[in-house]
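Worksheet: the structure to be examined is printed underneath.
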Amino acid sequence: MSEERKLVKKLAKVMSDVKHIEKKGFNKFHNYAYATESDVAEKVREVLAEQHVIMLPDVIDHTTREHINAKGKTEYIATVKVKFTFIDGETGEELSIHSAGEGQDAGDKAVYKAITGAQKYALMKAFMIPTGDDPEADTNTDKNNSYQSNNNQGGQRNGSKASEKQLNYAQKLLKEKVKGEWTYDKVHEHLKQQLGTQNNIENFTSKEASDAIKILQNKQGA
2 MSEERKLVKK LAKVMSDVKH IEKKGFNKFH NYAYATESDV AEKVREVLAE QHVIMLPDVI
62 DHTTREHINA KGKTEYIATV KVKFTFIDGE TGEELSIHSA GEGQDAGDKA VYKAITGAQK
122 YALMKAFMIP TGDDPEADTN TDKNNSYQSN NNQGGQRNGS KASEKQLNYA QKLLKEKVKG
182 EWTYDKVHEH LKQQLGTQNN IENFTSKEAS DAIKILQNKQ GA
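Residues 2 to 223 (the working numbering) are what the sequence shown spells out, left to right.
Structure (structure tokens):
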């Protein structure tokens with residue numbers, strides 16, 4: 002029985018050692034810093050290697066759809082579901098987790114981007130890695146908070162679907178971000194990645210819509 006618990010202890014060691022990820026990436030469109038996949042993977046990989054643990058990806062489901070951008074060019078949006086398996090090199094014990102990701106590209110890299118995103122969020126959520134990207138920590142959301150409190154106080158607690166007024170407001174803010182190569186679909190997919198959801202905006206829960214409004218409002222004047 003003690004041998005079966007070794008992998009969990011080793012993964013707990015990763016949680017203990019990887020306390021924070023420095024944000025080395027920067028999104029010029031929304032004007033904010035973020036932790037890249039390589040930033041996250043580098044930190045986690047080092048500790049996993051020390052513990053003789055590897056992580057293997059397995060794409061168990063994927064879809065790709067075409068999208069015509071504002072310039073009339075075809076882009077591809079890929080959605081993947083990936084199983085990541087941690088394997089202990091000393092005991093052979095295995096533990097698997099699942100993560101979803103989306104990627105958009107004009108060439109053949111949409112699936113690759115989706116897998117990369119899935120891995121980043123799998124590692125961050127599995128090891129509870131903080132980056133400071135907590136939507137509840139925003140400081141310039143007084144107007145937004147007032148709007149939300151009037152529309153979804155109960156909805157956020159039970160995950161119910163956002164109100165029509167809330168969704169319309171989120172969609173209005175989203176449309177205001179459309180500019181140049183940043184088409185509605187591209188901004189939409191980027192927002193979903195920030196929220197960590199696979200739901201389209203019209204199907205957002207109250208909390209997802211609330212967080213989306215915070216993100217979109219805070220970046221408007223940035």
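Beta carbons: idealized from backbone N, C-alpha and C, even for Gly.
> From K176, I202, F27 and E47, pick the residue whose C-alpha is nearest to that of L12; which is it?
Replying inline: Ranking K176, I202, F27 and E47 by Cα distance to L12 puts E47 first.
> Which ranges does the beta strand (DSSP E) cover as unbroken runs of at least 3 residues, wholly within the region 85-112, from first to last along the chain?
Replying inline: For the region 85-112, whole beta strand (DSSP E) runs of length 3 or above, ordered along the chain, are 95-106.
> Contact check, I22 vs D40 under 8 Å by CB: the rounded distance?
Replying inline: In this structure, I22 and D40 form a Cβ contact; the two beta carbons are roughly 5 Å apart against a cut-off of 8 Å.
> Looking at the structure shown, is N219 part of a helix, part of a strand, or coil, going by DSSP?
Replying inline: N219 falls in the helix class under three-state DSSP.
>> Considering Cα atoms alone, identify which of K121, K173, N204 and I78 is closest to V45.
In response: Closest by C-alpha distance to V45, out of K121, K173, N204 and I78, is K121.
>> Whole angstroms are fine: how far does the CA of S207 sit from the CA of I69?
In response: Straight-line Cα distance between these residues: approximately 30 Å.
> Which term fits M125, buried or exposed, when burial requires 16 or more other beta carbons within 10 angstroms of its beta carbon?
Replying inline: Looking at its Cβ environment, which holds 16 or more other Cβ atoms inside 10 Å, M125 is buried.
> How far does the alpha helix (DSSP H) with N169 in it reach, from first residue to last?
Replying inline: Annotation for N169: the continuous alpha helix (DSSP H) segment containing it runs E165 to K176.
> In terms of residues, what are the limits of the alpha helix (DSSP H) holding V54?
Replying inline: Per DSSP, V54 is not a residue of any alpha helix (DSSP H); the beta strand (DSSP E) it occupies stretches across V54 to I69.
> Under the DSSP definition of a beta bridge, which residues are partnered with T80?
Replying inline: Answer by DSSP bridge pairing, in chain order: T64 and E103.
> In terms of DSSP beta bridges, what is K180 paired with?
Replying inline: DSSP, once it has assigned bridges, lists W183 as partnering K180.
> Taking Cβ positions, are I116 and K84 nearer each other than 9 Å?
Replying inline: Cβ atoms of I116 and K84: not closer than 9 Å.
>> According to DSSP, simplified to helix, strand and coil, what is N200?
In response: Here N200 sits in coil by DSSP.
> Can you give the beta carbon distance from D89 to L8, rounded, assuming they're within the 8 Å contact cut?
Replying inline: In this structure, D89 and L8 form a Cβ contact; the two beta carbons are roughly 4 Å apart against a cut-off of 8 Å.
>> Suppose the cutoff is 7 Å on Cβ atoms and the five residues either side in sequence are ignored; what does the same chain contact list for E203 look like?
In response: Its chain contains L168 as the residues whose beta carbon lies nearer than 7 Å to that of E203, once the 5 sequence neighbours on both sides are disregarded; these appear in chain order.
> On the three-state DSSP scale, how would you describe D18?
Replying inline: In the structure shown, D18 sits in a helix (DSSP, three-state: H, G or I).
>> Restricting to Cα atoms, I'd like to know which of L175, I98 and S17 is closest to A127.
In response: Ranking the options by Cα distance to A127, first place goes to I98.
> If we ignore side chains and look at the alpha-carbon of each, how far apart do V15 and T37 end up?
Replying inline: Distance between the alpha carbons of V15 and T37 is about 18 Å.
> Are Q105 and K178 close, meaning C-beta to C-beta below 9 Å?
Replying inline: Taking C-beta atoms as the reference points, Q105 and K178 fail to come closer than 9 Å.
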